[in-house]
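Trainee:
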Amino acid sequence: MFEDINKVLLITDMDGTFLPSSKIPGQRSIEAIADFQRKGGKFSIATGRAIQAAQQYFESFSVNCPIIMSNGGMVYDLDRKKQIHDVFVPDFTRDIVSEILRDNPDVGCEVLTLDAVYVPQMTPLEAKHNVICKVKPVLCGVDEMPGDWYKVLFAIEPEKMERLMDYVDKRGWTGVDFVRSAPEYYEILPQNISKGSALEKMRSLCGMEDYTFVAMGDYNNDIEMLQAADVAICPSNAVEEVKKVCDLVLDVSCEEDAVAAALEYIYGRLGV
12 MFEDINKVLL ITDMDGTFLP SSKIPGQRSI EAIADFQRKG GKFSIATGRA
62 IQAAQQYFES FSVNCPIIMS NGGMVYDLDR KKQIHDVFVP DFTRDIVSEI
112 LRDNPDVGCE VLTLDAVYVP QMTPLEAKHN VICKVKPVLC GVDEMPGDWY
162 KVLFAIEPEK MERLMDYVDK RGWTGVDFVR SAPEYYEILP QNISKGSALE
212 KMRSLCGMED YTFVAMGDYN NDIEMLQAAD VAICPSNAVE EVKKVCDLVL
262 DVSCEEDAVA AALEYIYGRL GV
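Numbering-wise, the sequence shown is residues 12 to 283 according to the working numbering.
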């Protein structure tokens, strides 16, 4: 499996895996990524963020492989600035969002498209998320937004999340997937679309069938990607559900350059 560094891809989740709570990538990980790429390895990210929210980080590190965005809704080639593969939520998602926001006025919401992030219901937690992601949202009603939504994100305090999830469960909506991506975030994704399904698309569409895919993640929305990878790694701060599906649970957290530690493991397997 680990025979040629030129055929190894490390793909990592960002928030809680690569990025610590400060949202500033650790210098040791940045240097380790650059060294890995110089040696011939491939590095990429898989995130729930929109392109606008991830773009800020490419000044401190680079990727040399397509990236996964919107929790699997898009595989994107940064060099060519072009989608390799994308999937949108169905049109009736608009009605679902309208109903959720009507009945839950304390829930923040954003909708991700290729060109913008739309916010139909702003709350302090949603505003904080916009600041963290460094996006300038377009404030407008659900009916005013253009189509082709990659995903919908709801923001609510963790102690209120069970109420929102229970509300959704009782409605019995079908045709989309609801996924918790952080203690305070709940998302609508296209049905059967995940970071894992996007990883499989990368393999086939990018001619990487003979690569060893090493994936890193920390939360529930990373599980399918970890299961689809050849080797699954998580930082010590990962939730228990993630640790159960990983081949390696690191003894360092996202606050301690977990990506650098994963690359040390890869070098050990390669014997370099």
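Just so you know, even glycine gets a beta-carbon here, dropped at the ideal spot from N, CA and C. Quick caveat, the model's predicted, so the values are computed rather than measured.
Are the CB atoms of A273 and M6 within a distance shorter than 9 Å?
Mentor: Residue 6 lies beyond the residue range present for the chain, which begins at 12 and ends at 283; the question has no answer from this structure.
Trainee: Can you tell me whether N203 is buried or exposed? The criterion is at least 16 other CB atoms within 10 Å of its CB, across all chains shown.
Mentor: exposed
Trainee: Among T28, Q63 and P31, which residue has its Cα nearest to the Cα of K92?
Mentor: Q63
Trainee: Let me check one thing: in DSSP terms, what residues is F224 bridge-paired to?
Mentor: L20
Trainee: Between which residues of its own chain and G27 is the CB-CB distance below 7 Å, once the five residues before and five after are set aside?
Mentor: D229, Y230, N248 and C265
Trainee: Which residue wins for smallest C-alpha separation from L237, given the options E220, C257 and E251?
Mentor: Of the listed residues, the one whose Cα sits closest to L237 is C257.
Trainee: List the endpoints of the continuous alpha helix (DSSP H) containing E235.
Mentor: I234 to A239
Trainee: Is the region 179-186 touching the region 141-160, taking contact as three or more C-beta pairs under 8 Å?
Mentor: no
Trainee: Taking just the CA atoms, how far does V253 sit from V19?
Mentor: Near 22 Å, if we compare the C-alpha coordinates of V253 and V19.
Trainee: Return the Cβ separation of H96 and L210 in integer angstroms, given the expectation that the two are a contact with Cβ distance under 8 Å.
Mentor: Contact flag wrong, Cβ pair sits at about 11 Å.
Trainee: How is I204 classed by DSSP in three states: helix, strand or coil?
Mentor: coil
Trainee: Would you call the CB atoms of P36 and Y68 closer than 9 Å?
Mentor: yes
Trainee: Who are the near neighbours of A243 in its chain, counting only those whose CB is closer than 7 Å to its CB and skipping five residues on each side?
Mentor: Result list for A243: A226, L237, V256, C257 and D258, in chain order.
Trainee: Do A61 and C120 have their CB atoms nearer than 9 Å?
Mentor: Cβ distance not < 9 Å, so A61 and C120 don't count as in contact.
Trainee: For the pair the region 114-130 and the region 43-53, tell me if three or more CB-CB distances fall below 8 Å.
Mentor: no
Trainee: I'd like the span of the alpha helix (DSSP H) that includes Q63, first residue to last.
Mentor: I62 to A65
Trainee: Does DSSP put S40 in a helix, a strand or coil?
Mentor: The three-state reading of DSSP puts S40 in helix, counting H, G and I together.
Trainee: Based on the DSSP secondary-structure assignment, which residues constitute the bridge partners of K162?
Mentor: Note: K162 sits in a beta bridge opposite L123.
Trainee: Look at A240 and A43 and say whether their C-beta atoms are less than 9 Å apart.
Mentor: no
Trainee: Can the beta-carbon of I167 be found less than 9 Å from the beta-carbon of T104?
Mentor: no
Trainee: So S40 packs on F29, CB below 8 Å; how close in whole Å?
Mentor: 7 Å
Trainee: Apply the 10 Å Cβ neighbour rule to E137 and answer buried if 16 or more other Cβ atoms are within range, or exposed otherwise.
Mentor: buried
Trainee: Taking only the alpha-carbon atoms, compute the straight-line gap between P135 and M156 and give it to the nearest angstrom.
Mentor: 22 Å
Trainee: In chain order, what residues of the same chain lie with their CB nearer than 6 Å to the CB of P31, ignoring the 5 residues before and after it?
Mentor: C265 and E266
Trainee: Using the DSSP secondary-structure output, state which residues sit across from S55 in a beta bridge.
Mentor: I22
Trainee: List the DSSP bridge partners of A193.
Mentor: Y196
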